[in-house]
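K.L.:
Here you go, one structure.
Protein chains in written order, with my numbering: chain B, 56 to 562; chain U, 56 to 562.
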């Protein structure tokens, strides 16, 4: 795509020269060295700064503004569902943390412990929350007495810490990250089941409508579900370049496991003692990493207009002898017109950089639309719009500026999704046998296979595919199931298949 | 005030009975046992739940919604000033933390240290941020190269940890708290000085316009300024019941001290190497505690309408044989009308509580305005409005509902401020001698005294007033200075006074 644009514009050679001069541009390509490309693009795009503690990253304003745009949407939606925000402490005492056995087994190796304050040893070490089930639920037990106290629906926006040692990656796998975590309690399983899917739909919308990333809704296997929960649903994305699935966000039904451990009981309408049904659900700053991986290209970030802090960058192109002041005024007027219409626009009027340098700079930062204004545009009362996603150039009359820019931003948003979906879909491979599975895995496919749904079989698949690249595992059983003809066998065990499940390597 | 209302309404006796029956109401009074009253009111008002780790508190939705209302205001204001939000890690490595000597001396005793993850000892202990100067500034050094990179204005909304051992108090002094911290760098001291005051003005507005609390803007003494900074300005509130001042929020000019330590240099317009001027500024969830202390009464919380999650509670009063459905419909219609006008209103239609119980319940929670609808109101197409701040009752025609409710909410907001200011002003005592000072301190006054502005003298004041209640110290030197006649002597040292300064005990 990028190459095509350079040829068409005729300015490719010049731009490359500028890149050399200024040190702009990326040293790695997305196709040839994805990992290095990713690290470079999040840093050069000014989303991330590496920090002096491994696995911790600085989220720069360019990243946080995307986070805030998603937060504005999600927070309003859950408030409509009567979820209320709260804030529970960062710290957990060890006794409480260890109360739910399966849960703590899942998290224990990654828990960071505070053992000292100032020069004094603490009497008891204190854990930093890796998630807040055990922080919150002792109080749910206290607050919930009768059926009128239900449902209880709380959410918090906070940081959590998981001291992982494997492959820290900005946004995707970091020792501290930002997220929201919702924790709800209901009188009946039906209500809990319903909410699990309502929240999952919001997560789908965050990915598909905001981040322009196609995701699959489905259910996690027993092996992959949340530690201590009843079942886990998720939205799953896929990174074609690495052939890895990535869990986008999860909405868990915890069943009554935690309610039992934390004694969260209530008197129901008949006056009988009953136990609540619980959910927990979360999405994190990982979303931003998936967005970079899916849309970014060899020129840098590509931001979907709906989450971009800056949707339009206006750049003056004052050739020599041109009416520079007139051009600058036109830039300012363009920004004002767009801003008044609710479009986030800025002009880059810096006098120490060339237009070409600025093009590269804002391409690196992924701004969806660039508007150039030169002498010819001034004369014709027009501006030139250049799309970041496909490089297409259009002359726009200043009379219809707002209308056309809005339309272009919508088209960019849609096109990013369409292209991402096309690429993702092209990776899907339906397999029926172990041989086909191994071949598809080697080809970095997103594998859809009939499965017997037995935990031991998944363990076996993991064991048999172990290697340098990491083992394959189930990603999710999609809610939209293709037909499963009677007699279909599990790709791995040969036993009767119960469902179609996505498999692959994952982040 | 509360007593007066009960007599007037004639329902006081009944209400008390209800309280006894249901266990509603407070066991302590604000005047007689302020500390216990405060703990009880934040818990019974459902702002706080005590947590099983001392000094950590659960912020319940009733508190977080106030926090969010202030945040919406402040975040929009600083964005207008071109401040951008970011997020730096929770963790700091020891080397960086200790770089600014005065700064670390101020914070070291309160720093919490992570030394373990899972079962493994960390190679180097890692500190949890008590504030983020040392977390951020190594990167300011990296990002700032030339004058065009300035000003750099960042802010983050986050949690910080100060492991204090003295008197933890919800909101006021907790080991973890939420705040925003702004960190800015400028080319010139003038720009930094200007911003210090712009931010301080926003803090004044949070207190005076949102929380309806009068504050004094001023400058901290050398002894009380931010560790490592050049000078500190603050807004100072006062709690008449305890006679203690409380630092409401601080806006620091850090000068070039941190710039020197962290080598934050830039090339100025003349091509010379120069050092930046820095500010940092913060307000925290402490604001909410000050609000509770200032406005709360013996019936519970009193929330200013501009920060209240719920501004109006509508309660049906269906005497027997009344048209219950008609009353319920009128309640629902009232909520709908108010909500459409942007007023936060809800109806309490629970059938298992009496109207009297509900009155007490929502008074405890501090909802600014109660609307009662009974058979007579229904017949007259009116509602009865009862103000939380002064108990005044007004019948409002449903035809002018929105208009009158808006006006009443404005009046409540103003009245809360006026009453608080009157009480605060009544505590101010101007003293000129040590004897007057000691007497005023014993009377829990907010003391304004002429001072020589010498650090040793403040230390001496502290030493001489040490005791069970805590030592007196300077609170601030107000920007609005009364006239200081020539020859005025310092109240403590007898040396020539340089300024008027507020003194007292403080939180």
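No residue lacks a Cβ here, since even glycine has one placed at the ideal position from N, Cα and C.
Quick one: does residue 242 of chain U have its CB under 8 Å from some CB of chain B?
P.N.:
Residue 242 of chain U sits at position 187 when you count from the first residue of the second chain. By this cut-off, residue 242 of chain U is not an interface position.
K.L.:
Would you mind telling me which residues of chain B sit closer than 8 Å to residue 116 of chain U, beta carbon to beta carbon, in chain order?
P.N.:
What you label residue 116 of chain U is simply residue 61 of the second chain in a count that begins at 1. Under the 8 Å cutoff, chain B gives 139, 140, 141, 209.
K.L.:
Would you report the Cα separation of residue 551 of chain U and residue 395 of chain B, rounded to the nearest angstrom?
P.N.:
For the purposes of this step, residue 551 of chain U is taken as the residue at position 496 of the second chain. For the purposes of this step, residue 395 of chain B is taken as the residue at position 340 of the first chain. If I take the Cα positions, the gap works out to 58 Å.
K.L.:
To which residues of the same chain is residue 248 of chain U closer than 8 Å at the C-beta, ignoring the five residues directly before and after it?
P.N.:
In the second chain, counting from the first residue as 1, residue 248 of chain U sits at position 193. Taken in chain order, the residues that qualify are 308.
K.L.:
Excluding the five sequence neighbours on either side, which residues of its own chain have a C-beta within less than 7 Å of the C-beta of residue 335 of chain B, listed in chain order?
P.N.:
Locating residue 335 of chain B in the first chain gives position 280, where the first residue counts as 1. Once the five neighbours on either side are set aside, the close Cβ partners of residue 335 of chain B are 188, 236, 237, 238, 307, 309.
K.L.:
For the region 135-169 of chain U, list every residue whose C-beta sits within 9 Å of some C-beta in chain B, in sequence order.
P.N.:
Those would be 139, 140, 141, 142, 143, 144, 145, 146, 147, 148, 150, 151, 163, 164, 165, 166, 167, 168, 169, in chain order.
K.L.:
Could you tell me which chain U residues have their CB closer than 8 Å to the CB of residue 218 of chain B, listed as they occur along the chain?
P.N.:
Start at 1 with the first residue of the first chain, and residue 218 of chain B comes out as number 163. Those within 8 Å of residue 218 of chain B in chain U are 172, 173.
K.L.:
Under a Cβ-count criterion, where at least 16 other Cβ atoms within 10 Å of its own Cβ denotes burial, should residue 135 of chain B be classed as buried or exposed?
P.N.:
Within the first chain, numbered from 1, the residue matching residue 135 of chain B stands at position 80. With fewer than 16 other Cβ atoms within 10 Å, it is exposed.
K.L.:
By the 7 Å beta-carbon criterion, what residues does the region 226-238 of chain U contribute toward chain B?
P.N.:
Listed by position, the residues of the region 226-238 of chain U near chain B (Cβ gap below 7 Å) are 231, 233.
K.L.:
Which one of B:110, B:490, B:160 has the shortest CA to CA distance from residue 520 of chain B?
P.N.:
The count along the first chain starts at 1 and reaches residue 520 of chain B at position 465. Selected option, being the one with the closest Cα: B:490.
K.L.:
Mind listing the chain B neighbours of residue 107 of chain U? Cutoff is C-beta to C-beta under 8 Å, in chain order.
P.N.:
Working through the second chain from its first residue, we reach residue 107 of chain U at position 52. Those are 148, 151, 193, listed as they occur along chain B.
K.L.:
Among B:208, B:221, B:241, B:347, which one has its Cα closest to the Cα of residue 165 of chain B?
P.N.:
Counting from one through the first chain, the residue named residue 165 of chain B turns up at place 110. When only C-alpha atoms are compared, the closest one is B:221.
K.L.:
Mind pulling the chain U residues with CB within less than 8 Å of residue 180 of chain B?
P.N.:
As a first step, residue 180 of chain B must be located in the first chain, where it is residue number 125. 171, listed in chain order.
K.L.:
Tell me the rounded alpha-carbon separation between residue 556 of chain B and residue 267 of chain B.
P.N.:
Here residue 556 of chain B corresponds to residue number 501 of the first chain, with the count starting at 1. Here residue 267 of chain B corresponds to residue number 212 of the first chain, with the count starting at 1. Roughly 24 Å separates the two Cα atoms.
K.L.:
Is residue 303 of chain U closer than 8 Å to residue 161 of chain U when the C-beta atoms are compared?
P.N.:
What you label residue 161 of chain U is simply residue 106 of the second chain in a count that begins at 1. What you label residue 303 of chain U is simply residue 248 of the second chain in a count that begins at 1. It is not a contact, given that the beta carbons lie outside the stated cut-off.
K.L.:
For residue 114 of chain U, which residues from the same chain have a beta carbon less than 8 Å from its beta carbon, with the 5 sequence-adjacent residues on both sides left out?
P.N.:
By one-based count along the second chain, residue 114 of chain U stands at place 59. Contacts found: 102, 103, 122, 233, 340.
K.L.:
Going by DSSP, name the residue or residues bridged to residue 110 of chain B.
P.N.:
As a first step, residue 110 of chain B is located in the first chain; it is residue number 55 there, counting from the start. DSSP output for residue 110 of chain B lists no bridge partner at all.
K.L.:
Do residue 257 of chain U and residue 129 of chain U have their CB atoms nearer than 8 Å?
P.N.:
The count along the second chain starts at 1 and reaches residue 257 of chain U at position 202. The count along the second chain starts at 1 and reaches residue 129 of chain U at position 74. A contact, by the Cβ cut-off of 8 Å.
K.L.:
Check the Cβ of residue 184 of chain U against every Cβ in chain B and list those closer than 9 Å, keeping chain order.
P.N.:
Counted from its first residue, the second chain places residue 184 of chain U at position 129. Result: empty, since nearest Cβ-Cβ is about 11 Å, beyond 9 Å.
K.L.:
Beta carbons nearer than 8 Å to chain B: which residues of the region 390-404 of chain U have them?
P.N.:
From the region 390-404 of chain U, no residue has a Cβ closer than 8 Å to chain B.
K.L.:
Using 8 Å as the limit for Cβ to Cβ distance, is residue 203 of chain U near chain B?
P.N.:
Stepping through the second chain from its first residue, residue 203 of chain U is reached at position 148. Yes, residue 203 of chain U lies at the interface with chain B (some Cβ there is under 8 Å from its Cβ).
K.L.:
Does the CB of residue 44 of chain U have a neighbour CB from chain B at under 8 Å?
P.N.:
Because chain U is modelled from 56 through 562, residue 44 of chain U falls outside the range shown and cannot be assessed.
K.L.:
Spatial neighbours of residue 207 of chain U within its chain, please: C-beta separation below 7 Å, excluding the five flanking residues on both sides.
P.N.:
In the second chain, counting from the first residue as 1, residue 207 of chain U sits at position 152. For residue 207 of chain U, where only same-chain residues beyond five positions count, the Cβ hits under 7 Å are 195, 198, 199, 239, 240.
K.L.:
What residue does the alpha helix (DSSP H) around residue 136 of chain B start on, and which one ends it?
P.N.:
Against the first chain, residue 136 of chain B aligns to sequence position 81. Neither: residue 136 of chain B is in no alpha helix (DSSP H) and is coded neither H nor E.
K.L.:
Only counting the same chain, and skipping five residues up and downstream in sequence, which positions put a Cβ closer than 6 Å to that of residue 364 of chain U?
P.N.:
In the second chain, the residue the question calls residue 364 of chain U occupies position 309. Result list for residue 364 of chain U: 120, in chain order.
K.L.:
Whole beta strand (DSSP E) runs in the region 323-348 of chain U with 3 or more residues, listed along the chain?
P.N.:
Listed in chain order, the complete beta strand (DSSP E) runs (minimum 3 residues) inside the region 323-348 of chain U are 328-330, 332-339.
K.L.:
Rounded to the nearest angstrom, what separates residue 133 of chain B and residue 400 of chain U at their Cα positions?
P.N.:
What you label residue 133 of chain B is simply residue 78 of the first chain in a count that begins at 1. What you label residue 400 of chain U is simply residue 345 of the second chain in a count that begins at 1. Between residue 133 of chain B and residue 400 of chain U, the C-alpha separation is close to 19 Å.
K.L.:
List, in order along the chain, the chain U residues whose C-beta lies closer than 7 Å to that of residue 103 of chain B?
P.N.:
The count along the first chain starts at 1 and reaches residue 103 of chain B at position 48. What residue 103 of chain B touches in chain U: nothing, since even the nearest Cβ is about 11 Å away.
K.L.:
At which residues does the beta strand (DSSP E) containing residue 178 of chain U begin and terminate?
P.N.:
Numbered from its first residue, the second chain carries residue 178 of chain U at position 123. Where residue 178 of chain U is concerned, the enclosing beta strand (DSSP E) stretches over 175-183.
K.L.:
Quickly, what does DSSP pair residue 20 of chain B with across the bridge? List them, please.
P.N.:
Because chain B is modelled from 56 through 562, residue 20 of chain B falls outside the range shown and cannot be assessed.
K.L.:
Counting only beta-carbon separations shorter than 8 Å, does residue 214 of chain U have a partner in chain B?
P.N.:
Walking along the second chain from the start, residue 214 of chain U turns up at place 159. Chain B, which has a Cβ nearer than 8 Å to the Cβ of residue 214 of chain U, makes this yes.
K.L.:
Assuming residue 370 of chain U and residue 427 of chain U make a contact with CB atoms under 8 Å, what is their CB distance in whole Å?
P.N.:
Counting from one through the second chain, the residue named residue 370 of chain U turns up at place 315. Counting from one through the second chain, the residue named residue 427 of chain U turns up at place 372. The Cβ separation is near 5 Å, so the contact holds.
K.L.:
Considering only residues of the same chain and omitting the five flanking positions on each side of residue 69 of chain U, which have a CB-CB separation below 7 Å?
P.N.:
Residue mapping note: residue 69 of chain U aligns to position 14 of the second chain, counting from 1. For residue 69 of chain U, the predicted model reports a pLDDT of 36, less than 50, meaning its position is unreliable; a value from the coordinates is still stated below. Within the same chain, residue 69 of chain U has close Cβ partners 411.
K.L.:
Determine the chain B residues that contact residue 123 of chain U at a beta-carbon separation under 8 Å, and present them in chain order.
P.N.:
Locating residue 123 of chain U in the second chain gives position 68, where the first residue counts as 1. Result: 140.
K.L.:
Leaving aside the five residues before and after residue 554 of chain U along the sequence, list all residues of the same chain whose C-beta is less than 8 Å from its C-beta, in chain order.
P.N.:
Sequence index remark: in the second chain, residue 554 of chain U carries index 499 (1-based). Excluding residues within five positions, the ones whose Cβ falls inside 8 Å are 505, 506, 508, 532, 536, 539.
K.L.:
May I have the straight-line CA-CA distance separating residue 362 of chain B from residue 93 of chain B, to the nearest angstrom?
P.N.:
If you number the first chain from 1, residue 362 of chain B lands on position 307. If you number the first chain from 1, residue 93 of chain B lands on position 38. Their backbone Cα atoms lie some 19 Å apart in a straight line.
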